[in-house]
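Have a look at the structure below, then the notes.
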Amino acid sequence: MTPPIRHLVLVLGDQLDGRASAFDEFDPAQDGIWMAEVREESTHVASSRIRTTLFLSAMRHHAQLLRERGWPLHYVRLDDPANTGSLAGELARAIRLLRPERLVMTAPGDWRVLRALRRAAAEAGLALELRDDRHFFCTVREFAQHARGRGTLRMENFYRQMRRQHRVLMEGEGEEGSEGHGPAGGRWNFDADNRQSFGADGPGIVPEPARFEPDQITQEVMALVDREFPRHPGNLDGFAWPVTREQALLALERFVEERLPCFGPWQDAIWPGQPWLWHAHISAAMNLKLIEPREVVARAERAWREGRVPLPSAEGFIRQVLGWREYVRGVYWTSMPGLLESNALNAQAPLPGFYWTGDTPMACLSDAIGQTLRLGYAHHIQRLMVTGLFALLLGVRPREVHEWYLAIYVDAVEWVELPNTAGMSQYADGGVITSKPYIASGKYIERMSAGQYCAQCRYRPGVSQGPEACPFTTLYWDFLLEHRERFANHQRIGAQVRNLSRLSQQQADAIRAQAAALRAELEQTGGYTP
């Protein structure tokens, strides 16, 4: 019989850092490590083959490093005949085999996983010691303290607090308010400067992000995933995501040197057939813990201080990491489990089937979804103001939208994806995360793509009724008509509601009828069953 071990350190698929808090005081002579690939993590939502491949390949590369250190590792592969298929089941099996005195882990990022592991530990009569995840600037406890007593939460207030606390993009050493002390450039954010479209000439030549040819480990995982999940969305033909820390650091370096200088003004711009543009493509590596947000922020700030990146670009990027990423994590852990079922607007439509195929005549949606299925990636405007906007205007059940995003994107882990989807994208939380629903007509997409999507689409963005009506525009006016009482006096979108006065009763009735017909038509397209 295997002798019992002191501490069994649990390492999840998004905790791939050998310096994590769970390894503090780790003693290879008397401790062990547990990792498990389980089917449930790819089937509780229909995880795309690209996403599953990224997680499993990164896990196997990390396991290889742990073995090279000589650290005792109990690793269960997905196709192990004894695999129970769930994290809880595999942990219970490991406890019976290894007989640890205590379980130790860095706090998980997923409420569902934490609940399952706690239950498994309790059933075995073992303590589960949770340690802070040092990959974040702000602990969950610190965020809860920040949120306590506030009538509303706003990311901007939190972001400024993080900037002050961690001395990021700050000038001067004296007390705040003293001469020479404050935010770099005299402004906390440059958002107003960072909303440009490319114009008719397009984005020009954009440097490609770092892409990595699959090695033998990744190829083995790709074959496994194709065999085990043949009906899951996406394909692996172009898989080239970083799966090791070294690759992730190279991806970061390439971004800072080649694309960060232009990130600021064009971070919201979209263009047909251009999936990468000026974005970083490192969020998946950060969420797997291959690289740390502190080194990402420090690298971007250093590039600005060395004069190689304009301040609006550096600040706009850092705000996403130090501000928004930390903020949504805090909201997730202070809002669960209620956030999962939130539905403030009582949206009840099913998710259209074309979200799983990209088969739609709407050019912007076809491009964004087709790219997503091909690459597992879309940048934030494609997610928020194309795929997310359409679901919001259509009135799709927020949980279905959440499950699609969680399944389909390589960087989707629940702590970051759910608040972004339920809160910012679908306004399901009623305004906890953002102060307004992000609604717009087809004219917004026309503007941010310099008309390129609309030029190749059968629908016209300025038309709300009739055969040429853009579904975004029809649904935009229908949304305002449906929710006019709720938002009539809203500080930020009340003006949009007041624009309803431009419609005659006949026009309003025609819009409502066309929106109802569109919903009925899309309900027939069905969903997706893996």
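Residue numbering for the sequence shown follows this note's numbering, beginning at 1 and increasing consecutively. A virtual CB, placed ideally from N, CA and C, is assigned to each residue, including glycine. Computed from a predicted structure; not experimentally measured.
Within 10 angstroms of its Cβ, does residue i collect 16 or more other Cβ (buried), or is it exposed?
i    : result
E41  : buried
H181 : exposed
P419 : buried
G376 : buried
Q604 : Residue 604 is absent from the structure shown; the chain starts at 1 and stops at 530.
S504 : exposed
A20  : buried
A516 : exposed
P3   : exposed
G330 : buried
R96  : exposed
D24  : exposed
N287 : buried
G151 : exposed
G264 : buried
Which of the three DSSP states is assigned to residue i in this structure?
i    : result
W356 : helix
A88  : helix
L130 : strand
P242 : coil
I439 : coil
I50  : helix
E101 : coil
I408 : helix
H7   : strand
A344 : coil
C334 : Checking the displayed sequence, the identity of residue 334 turns out to be Thr instead of Cys. Looking at T334 - three-state DSSP - the assignment turns out to be helix.
L518 : helix
R329 : helix
A495 : helix
R294 : helix
T106 : strand
Y476 : helix
L277 : coil
S25  : Ser is not the amino acid found at residue 25; the sequence shown has Glu there. E25 falls in the coil class under three-state DSSP.
L236 : coil
N420 : helix
L503 : coil
A200 : coil
S449 : coil
Y528 : coil
R550 : The chain is shown only over 1 to 530; residue 550 falls outside these bounds and no answer can be derived.
E414 : helix
D268 : coil
I95  : helix
Going by beta-carbon coordinates alone, are residue i and residue j separated by less than 8 angstroms?
i    : j    : result
A122 : L103 : no
G109 : W415 : yes
G32  : L98  : yes
R51  : A412 : yes
P461 : K443 : yes
E315 : F190 : yes
A344 : D268 : no
A285 : A240 : no
T473 : S441 : yes
A120 : A82  : no
P471 : V396 : no
A363 : H232 : no
Y528 : W356 : yes
P312 : N194 : yes
R164 : P209 : no
N235 : R49  : yes
Q382 : I270 : yes
I5   : V168 : no
Q465 : I511 : yes
L260 : A303 : yes
E129 : L78  : no
Can you name the residues that DSSP bridges to residue i?
i    : result
W34  : L10 and H74
T372 : Answer by DSSP bridge pairing: none, since T372 is not bridged.
P183 : M170
S140 : The question names Ser, but residue 140 in the sequence shown is Val. DSSP output for V140 lists no bridge partner at all.
V396 : A349
R460 : A469
- prompt: Would the segment 201-209 and the segment 317-336 be scored as touching if the rule is three or more Cβ pairs under 8 angstroms?
  reply: Contact fails: fewer than three Cβ-Cβ distances are below 8 angstroms.
query: How do the segment 137-145 and the segment 332-344 stand: do at least 3 beta-carbon pairs fall below 8 angstroms, yes or no?
result: Proximity of the segment 137-145 to the segment 332-344 meets the contact definition, three or more beta-carbon pairs being nearer than 8 angstroms.
- prompt: Is the number of C-beta pairs between the segment 21-31 and the segment 59-75 that are closer than 8 angstroms three or more?
  reply: Below 8 angstroms, enough C-beta pairs join the segment 21-31 and the segment 59-75 to call them touching: three or more.
message: Any contact between the segment 281-296 and the segment 217-224? By contact I mean 3 or more CB pairs, one from each, below 8 angstroms.
response: A contact is defined here as three or more CB-CB pairs under 8 angstroms, and the segment 281-296 fails this definition with respect to the segment 217-224.
message: Below 8 angstroms, how does it come out for the segment 57-68 and the segment 210-220: are there three or more Cβ pairs, yes or no?
response: Because the criterion of three Cβ pairs below 8 angstroms is met, the segment 57-68 and the segment 210-220 touch.
message: Check whether the segment 367-383 and the segment 273-281 are in contact - that is, three or more C-beta pairs closer than 8 angstroms.
response: yes
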